[in-house]
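Visitor:
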Ligand code: SF4
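Residue numbers (my numbering): 6 to 408.
1) How would you label residue 322, buried or exposed, when you count the other beta carbons within 10 angstroms and need 16 or more for buried?
2) I'd like to confirm something about residue 193: is its beta-carbon nearer than 7 Å to some heavy atom of the ligand SF4, or not?
3) Note down, in chain order, each residue of its chain lying with its Cβ closer than 7 Å to the Cβ of residue 223, except the 5 sequence neighbours on either side.
4) Between residue 144 and the ligand SF4, is there a pair consisting of the residue's CB and a ligand heavy atom that are separated by less than 7 Å?
5) Determine the extent of the alpha helix (DSSP H) in which residue 184 is found, giving its start and end residues.
6) Counting Cβ pairs closer than 8 Å, one from the region 215 to 222 and one from the region 252 to 260, do we hit at least three?
7) Do you know offhand how far residue 285's Cα is from residue 277's?
8) Going by the beta-carbon positions, is the gap between residue 346 and residue 296 smaller than 8 Å?
9) For the region 288 to 307 against the region 99 to 111, are there 3 or more C-beta pairs whose distance is under 8 Å?
10) Among 40, 312, 337, 60, which has the Cα closest to the Cα of residue 362?
11) Give, in chain order, every unbroken run of the alpha helix (DSSP H) that is at least 4 residues long and sits entirely within the region 115 to 184.
12) At which residue ranges does the region 239 to 315 contain complete alpha helix (DSSP H) runs of 4 or more residues, listed in the order of the chain?
13) Can you list, in chain order, the residues of its chain with a C-beta nearer than 6 Å to that of residue 240? Leave out the 5 residues immediately preceding and following it.
14) Quick check on DSSP: helix, strand or coil for residue 201?
15) Roughly how many angstroms separate the alpha carbons of residue 360 and residue 179, rounded to a whole number?
16) Report yes if the C-beta of residue 308 is less than 7 Å from at least one heavy atom of the ligand SF4; otherwise report no.
17) Tell me, please, whether the region 30 to 42 touches the region 90 to 98 by the rule of three or more beta-carbon pairs shorter than 8 Å.
18) What are the residues that DSSP puts in a beta bridge with residue 108?
19) Can you check whether the CB of residue 51 is closer than 8 Å to the CB of residue 214?
20) Can you list, in chain order, the residues of its chain whose CB lies under 8 Å from that of residue 357, leaving out five sequence neighbours each side?
21) If you count every other CB in all the chains shown that lies within 10 Å of the CB of residue 121, and 16 or more means buried, which is it?
22) Given residue 48, which residues of its chain have a CB within under 6 Å of its CB, disregarding the five upstream and five downstream residues?
23) Since residue 327 is in the beta strand (DSSP E), which residue starts that stretch and which ends it?
24) Threshold first: 3 residues or longer. Then list the beta strand (DSSP E) segments lying entirely within the region 45 to 106, N to C.
25) Since residue 293 contacts residue 331 with CB under 8 Å, what's their CB separation in whole angstroms?
26) Out of curiosity, what's the CA-to-CA distance linking residue 98 and residue 300?
27) From 229, 149, 144, 103, pick the residue whose C-alpha is nearest to that of residue 128; which is it?
28) For residue 206, which of helix, strand or coil comes out of DSSP?
29) Can you tell me where the alpha helix (DSSP H) holding residue 214 begins and where it ends?
30) Please go through the same chain and pick out, in chain order, the residues whose beta-carbon is closer than 7 Å to the beta-carbon of residue 355, but skip the five residues on each side of it.
31) Short of 7 Å in beta carbon distance, which residues of its chain neighbour residue 81, apart from the five on each side in sequence? Order them along the chain.
32) Shorter than 7 Å, the distance from the beta carbon of residue 141 to the closest heavy atom of the ligand ATP, or not?
33) Keeping to the same chain, check which residues put their C-beta closer than 8 Å to that of residue 66; ignore five residues upstream and five downstream.
34) Excluding sequence positions up to five away, which residues of its chain have a Cβ less than 7 Å from the Cβ of residue 275?
35) Use the C-beta contact count for residue 181: other C-beta atoms within 10 angstroms, 16 or more gives buried, fewer gives exposed.
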């Protein structure tokens, strides 16, 4: 994990040393280890103070140091001087009739970038879909985010800030009122291309002083950045999902251009190494978006079943590879269509008959464009999103953001 940029020390009484910086440390950028360092090395305070502050931020959603009432006045003054807690600004939030909830959040001091975060409640769990980048450089052919290109990586604060906003809205209290039970890094962007910030944010998600989620309840979804999957296996033990979409190289390279660099065989080998590296991990989910006439034919299902069987044999577990079938959600300008329901069921049956654990992901939040793929779809379409964003800014009297 990368080191946090050091901020020159202050005296233990809170007096700034000569040359102290004007820039304040956003505490949302720090995981437990980083916060402990900040308290010890920068503020000259004990580690447990960092733990108190973490709880105020992530359990009680307090961002004003004056509200952190179990901290002494001198420490609060020191914090005011050298730190801040900056959360993403909610441009709008939109509930769906089925309980799904979507937030449009502006990111960065200039507020010119916006990303979406979606909460999807179920009978037994509440899942938050979190973004890792503004835009994406990987250019998957069926993805709307790809059409807007890559803008920038999100900071740790901007990633964990999405969880903070949703958890606060939901009244989530870690270990007590668990409305947020799962996080999937499946929003905009390739999480492994923003490795340090994503790993640090996931560490806060899993920390008892953060959101207290078990590692298996935090899922990172990748298009297949093989070297970074290996690196992830040494730094985190979260669940892994792979955006596969085709089991054979020729088709996969068309749909996911990254496959030309890391073909299916290399990707599956990295998945095997990821599972073997930790006894806690027992399976990997393979996401497969079904597009009519493109990758939804019986021969495609048979190829996928073969690949999953090989993977299961290698891992000596039939359940090592699970398949999530995702009916494609069309967005304006796409040339792809959603597969027919009968085709989806026939595809699933071939896999189930081959004893591959296969789910069809239900579409939720259609009425707010929060269904899978639509998160990167209609509203994320650059023109429409920017228009909506500017409209909201104008309503708040803030004028237009540059496109
Ligand atoms: S599917 Fe994911 S990795 Fe591919 S372009 Fe879209 S956001 Fe990027």
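Ideal Cβ placement from N, Cα and C applies to all residues, glycine included.
Guide: In brief:
1) Position 317 of the chain shown, counting from 1, holds the residue named residue 322. When all chains shown are included, residue 322 counts as exposed.
2) Position 188 of the chain shown, counted from the first residue, corresponds to residue 193. True, at least one ligand heavy atom lies under 7 Å from that Cβ.
3) Counted from its first residue, the chain shown places residue 223 at position 218. Result list for residue 223: 188, 207, 210, 211, 243, 244, in chain order.
4) Residue 144 sits at position 139 when you count from the first residue of the chain shown. The beta carbon of residue 144 sits closer than 7 Å to at least one heavy atom of the ligand SF4.
5) Taking the chain shown and counting its residues from 1, one reaches residue 184 at position 179. Note, residue 184: premise wrong, no alpha helix (DSSP H); not H, not E.
6) no
7) Against the chain shown, residue 285 aligns to sequence position 280. Against the chain shown, residue 277 aligns to sequence position 272. Their Cα atoms are separated by approximately 14 Å.
8) Sequence index remark: in the chain shown, residue 346 carries index 341 (1-based). Sequence index remark: in the chain shown, residue 296 carries index 291 (1-based). With respect to the 8 Å criterion, residue 346 and residue 296 are not classified as neighbours on the basis of their beta carbons.
9) no
10) Position 357 of the chain shown, counting from 1, holds the residue named residue 362. Looking at the Cα atoms, 312 is the closest of the given residues.
11) Correct list: 149 to 152, 161 to 175.
12) Listed in chain order, the complete alpha helix (DSSP H) runs (minimum 4 residues) inside the region 239 to 315 are 254 to 260, 269 to 281.
13) The count along the chain shown starts at 1 and reaches residue 240 at position 235. Within the same chain, residue 240 has close Cβ partners 204.
14) Here residue 201 is taken as the residue at index 196 of the chain shown, counted from 1. In this structure, residue 201 counts as helix in the three-state DSSP scheme.
15) Numbered from its first residue, the chain shown carries residue 360 at position 355. Numbered from its first residue, the chain shown carries residue 179 at position 174. If you take the alpha carbons of residue 360 and residue 179, they lie about 37 Å apart.
16) On the chain shown, residue 308 is found 303 positions in, with the first residue counted as 1. No; taking the cut-off as 7 Å, the Cβ of residue 308 has no heavy atom of the ligand SF4 nearer than that.
17) yes
18) Along the chain shown, read from residue 1 onward, the residue named residue 108 stands at position 103. Bridge partners of residue 108: 98, 122.
19) Position 209 of the chain shown, counting from 1, holds the residue named residue 214. Position 46 of the chain shown, counting from 1, holds the residue named residue 51. No, Cβ-Cβ distance for residue 214 and residue 51 is not below 8 Å.
20) Within the chain shown, the letter at position 352 stands for residue 357. The answer, listed in chain order, is 363.
21) In the chain shown, the residue the question calls residue 121 occupies position 116. Residue 121 is buried by the Cβ-count criterion.
22) Locating residue 48 in the chain shown gives position 43, counting from the first residue. Answer for residue 48: 83, listed in chain order.
23) The residue given as residue 327 occupies position 322 in the chain shown. In this chain, the beta strand (DSSP E) harbouring residue 327 covers 326 to 332.
24) With a minimum length of 3 residues, the continuous beta strand (DSSP E) runs that stay inside the region 45 to 106 are 94 to 100.
25) Position 288 of the chain shown holds residue 293. Position 326 of the chain shown holds residue 331. With a beta-carbon spacing of about 7 Å, residue 293 and residue 331 fall inside the 8 Å limit used to define contacts.
26) If you number the chain shown from 1, residue 98 lands on position 93. If you number the chain shown from 1, residue 300 lands on position 295. Going by the C-alpha atoms only, they are around 35 Å apart.
27) Residue mapping note: residue 128 aligns to position 123 of the chain shown, counting from 1. Residue 128 has its Cα closest to that of 103, out of 229, 149, 144, 103.
28) The residue you call residue 206 lines up with position 201 of the chain shown. It is helical.
29) As a working mapping, residue 214 is identified with position 209 in the chain shown. First-last for residue 214: undefined, no H or E at that position.
30) Numbered from its first residue, the chain shown carries residue 355 at position 350. Cβ within range, chain order: 303, 306, 307, 310.
31) Working through the chain shown from its first residue, we reach residue 81 at position 76. So the qualifying residues of the chain are 70, 71, 73.
32) The ligand ATP is absent from the structure shown, which contains only the ligand SF4.
33) Reading the chain shown from its first residue, position 61 is the one you call residue 66. Result list for residue 66: 169, 172, 173, in chain order.
34) Translated into the one-based positions of the chain shown, residue 275 becomes position 270. So the qualifying residues of the chain are 231, 234, 235.
35) The residue given as residue 181 occupies position 176 in the chain shown. That one is exposed.
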